[in-house]
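In what follows, a single structure is set out as structure tokens and then discussed.
Right under this line is the structure:
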């Protein structure tokens, strides 16, 4: 089945130790999104790619970076994780056409910072 | 900027009963999409139902239906014959019709519990 895959599902890192989360998709969608979601809150958009065009949200900390080497893969790099970065990180995709504008979500990576 | 408001943080429903989750939004646009997403505990967020603003007819997907009142900017979700598997957090979301990078504007979400 076409889907959005996130690895790992659970990630534990130490305070200040860089970590990379990955997302892949078989939907061939050209838009990919990264969200941060804290407990019982709505997802907060960090940034997104339209093809290779990177769009950063104004309030996304510099500590968060992203890479998209090809259509299928997108990475979230947290350069120096702090305790406040512990959260669920969701990847989502959308087809480029405006029709429906539905986003498809991956299962998320839960990040723990020790 | 668009905003989405879900004012009820929690609701509870008896199994097999009907429940309505409220959502209001604010926008100056005339064409847009509205969604309800479901996020079960520790599970993937999935789309429940969508509504195109230019359609007057309310969307329906099996036990899920919406009451879309465009003039009032209201978009409520009705779940009929509630099942234990309906227990989840539900997010109301808005997106523009135009714009290649269309982002979702989420409400704060509502936690629905289903009593057996």
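Residue numbers (my numbering), protein chains in the order written: chain A, 88 to 201; chain B, 52 to 167.
Glycine included, C-beta positions come from ideal geometry on N, C-alpha and C.
Tell me whether residue i sits in a helix, a strand or coil according to DSSP, three-state version.
| i | result |
| --- | --- |
| residue 82 of chain B | coil |
| residue 114 of chain A | coil |
| residue 185 of chain A | Note on residue 185 of chain A: pLDDT 49, under 50, position unreliable in the model; the coordinate value appears next. Reduced to three states, the DSSP call for residue 185 of chain A is coil. |
| residue 172 of chain A | helix |
| residue 141 of chain B | strand |
| residue 74 of chain B | coil |
| residue 94 of chain B | coil |
| residue 155 of chain A | coil |
| residue 149 of chain A | coil |
| residue 143 of chain A | strand |
| residue 111 of chain B | strand |
| residue 166 of chain A | coil |
| residue 68 of chain B | coil |
| residue 116 of chain B | strand |
| residue 190 of chain A | coil |
Closer than 7 Å by beta-carbon distance: list the chain A residues that pair up with residue i, in chain order.
| i | result |
| --- | --- |
| residue 155 of chain B | 190 |
| residue 111 of chain B | Within chain A, no residue comes near residue 111 of chain B; the closest Cβ sits about 16 Å away, beyond 7 Å. |
Run down chain B in chain order and give the residues with a C-beta less than 7 Å from the C-beta of residue i.
| i | result |
| --- | --- |
| residue 129 of chain A | 142, 157, 158, 159 and 160 |
| residue 132 of chain A | 154 |
What number of angstroms, rounded off, separates the C-alpha of residue i from the C-alpha of residue j?
| i | j | result |
| --- | --- | --- |
| residue 118 of chain B | residue 159 of chain B | 19 Å |
| residue 97 of chain B | residue 141 of chain B | 10 Å |
| residue 152 of chain A | residue 105 of chain A | 11 Å |
| residue 59 of chain B | residue 93 of chain A | 31 Å |
| residue 119 of chain A | residue 138 of chain A | 8 Å |
| residue 121 of chain B | residue 122 of chain A | 28 Å |
| residue 110 of chain B | residue 102 of chain B | 6 Å |
| residue 85 of chain B | residue 145 of chain B | 5 Å |
| residue 166 of chain B | residue 155 of chain B | 31 Å |
| residue 105 of chain B | residue 153 of chain B | 17 Å |
| residue 160 of chain A | residue 70 of chain B | 39 Å |
| residue 174 of chain A | residue 61 of chain B | 21 Å |
| residue 107 of chain B | residue 64 of chain B | 28 Å |
| residue 178 of chain A | residue 112 of chain A | 10 Å |
Would you give the residue range spanned by the beta strand (DSSP E) that residue i belongs to?
| i | result |
| --- | --- |
| residue 129 of chain B | 125 to 130 |
| residue 135 of chain B | Where residue 135 of chain B is concerned, there is no enclosing beta strand (DSSP E), given that its DSSP letter is neither H nor E. |
| residue 131 of chain A | 131 to 137 |
| residue 93 of chain A | 91 to 94 |
| residue 163 of chain B | 161 to 166 |
| residue 102 of chain A | Premise fails: residue 102 of chain A is in no beta strand (DSSP E) and is neither H nor E. |
| residue 65 of chain B | 61 to 65 |
| residue 57 of chain B | Run containing residue 57 of chain B: none; DSSP gives neither H nor E here. |
| residue 196 of chain A | 196 to 200 |
At a CB-CB cut-off below 8 Å, which residues of chain B make contact with residue i?
| i | result |
| --- | --- |
| residue 177 of chain A | 96 |
| residue 194 of chain A | 94 and 95 |
Selection of the region 52 to 78 of chain B by Cβ proximity to chain A, strictly under 7 Å: If the cut-off is 7 Å between Cβ atoms, the region 52 to 78 of chain B has nothing near chain A.
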